[in-house]
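Novice:
Right, here's the structure in full:
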């Protein structure tokens with residue numbers, strides 16, 4: 002069964018302390034890997050799509066990278082406003098349109 | 140605001156009652172999805188529409204759940220004879236056929252079953 006595993010479950014950083022979140026997947030035929038940000042009580046907000054190993058995308062302090070088995074979301078010099086849950090999702094090469102999500106990493110950035 | 144709109148945002152009901160949620164997708168999006176999310180978990184897929192056709196249904200969508208998308212515009216998700224285990228956030232998302240596959244989510248409808 003296709004699975005998406007995110008680690009760590011929770012991460013607490015000091016403002017300015019860079020780190021990385023991991024998303025590993027076991028799917029047959031990846032058609033896309035998606036990163037979302039979710040604030041408490043809100044719907045997920047789209048961040049990035051990655052399609053092939055070696056691909057990188059950047060947005061402000063965030064950079065997403067993709068290998069054949071995992072993706073990383075690198076956060077450089079985070080600020081308190083980066084505190085949120087970061088979700089990873091995949092679409093498989095099975096004709097299904099829906100995304101399969103991981104459980105997320107809850108990030109807290111302290112000033 | 141041209142994003143995905145969901146109504147109501149919050150619903151408290153008693154066990155055994157029926158509830159209905161509405162989703163208005165982004166206007167040019169022909170694909171619409173329903174997900175369910177419980178505390179500390181990622182969204183779980185429930186069902187998918189392309190225009191008015193319901194093309195995918197999860198095993199999570201028991202016979203108490205029904206979704207419709209008449210005329211391929213807004214969608215409704217109805218839960219009959221609610222149970223306490225139905226308490227969750229119900230998320231709607233839409234996507235464009237011209238897009239890269241990303242889903243755009245609404246703010247969700249939070250259901251509490253007492």
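Protein chains in written order, with the numbering used here: chain A, 2 to 112; chain B, 140 to 253. Backbone N, C-alpha and C define an ideal beta-carbon position, used for all residues, glycine too.
Using a C-beta to C-beta distance shorter than 9 Å, which residues of chain A count as neighbours of residue 180 (chain B)?
Specialist: Correct list: 102, 104 and 105.
Novice: Using 7 Å as the threshold, is the C-beta distance between residue 74 (chain A) and residue 36 (chain A) below it?
Specialist: In this structure, residue 36 (chain A) lies closer than 7 Å to residue 74 (chain A) by Cβ.
Novice: Below 8 Å on the Cβ atoms is my contact criterion, and I expect residue 185 (chain B) with residue 171 (chain B) to pass it. Report the Cβ-Cβ distance as a whole number of Å.
Specialist: That belief does not hold up - the Cβ atoms of residue 185 (chain B) and residue 171 (chain B) are roughly 11 Å apart, past 8 Å.
Novice: Based on Cα-Cα distance, which residue from B:157, B:168 and B:242 lies nearest to residue 101 (chain A)?
Specialist: It is B:242 whose Cα lies nearest to the Cα of residue 101 (chain A).
Novice: Quick one: any contact between the segment 221 to 240 of chain B and the segment 161 to 179 of chain B, if contact means 3 or more CB pairs under 8 Å?
Specialist: Verdict: yes, contact present.
Novice: Could you check the C-alpha separation between residue 71 (chain A) and residue 63 (chain A) for me, to the nearest Å?
Specialist: Whole-angstrom Cα-Cα distance: 17 Å.
Novice: Using a cut-off of 7 Å between C-beta atoms, extract the partners of residue 64 (chain A) located in chain B.
Specialist: Correct list: empty, because the minimum Cβ distance to chain B is about 18 Å.
Novice: Just to confirm, is the Cβ distance from residue 181 (chain B) to residue 55 (chain A) under 7 Å?
Specialist: No, Cβ-Cβ distance for residue 181 (chain B) and residue 55 (chain A) is not below 7 Å.
Novice: Can you look up residue 180 (chain B) in the DSSP assignment and give me helix, strand or coil?
Specialist: Looking at residue 180 (chain B) - three-state DSSP - the assignment turns out to be coil, as it is neither helix nor strand.
Novice: Along the segment 42 to 58 of chain A, where does the CB come closer than 7 Å to a CB of chain B? Name the residues.
Specialist: Answer set for the segment 42 to 58 of chain A: 43, 44, 45, 47 and 50.
Novice: List the whole-angstrom C-beta distance separating residue 204 (chain B) from residue 162 (chain B), where the pair is believed to meet the contact cut-off of C-beta under 8 Å.
Specialist: Between residue 162 (chain B) and residue 204 (chain B) the Cβ distance is about 14 Å, and since that is not below 8 Å, they are no contact.
Novice: Between residue 108 (chain A) and residue 84 (chain A), which are expected to be in contact by the criterion C-beta below 8 Å, what is the C-beta distance as a whole number of angstroms?
Specialist: Rounded, the Cβ-Cβ distance is 6 Å, consistent with contact.
Novice: Is residue 210 (chain B) helix, strand or coil by DSSP?
Specialist: Correct three-state label for residue 210 (chain B): helix.
Novice: With 7 Å set as the bound, which would you pick, yes or no: does the beta-carbon of residue 30 (chain A) sit closer than that to a beta-carbon of chain B?
Specialist: No, its Cβ sits nowhere closer than 7 Å to a Cβ of chain B.
Novice: Along the chain, where does the beta strand (DSSP E) that runs through residue 144 (chain B) open and close?
Specialist: 144 to 146 is the extent of the beta strand (DSSP E) around residue 144 (chain B).
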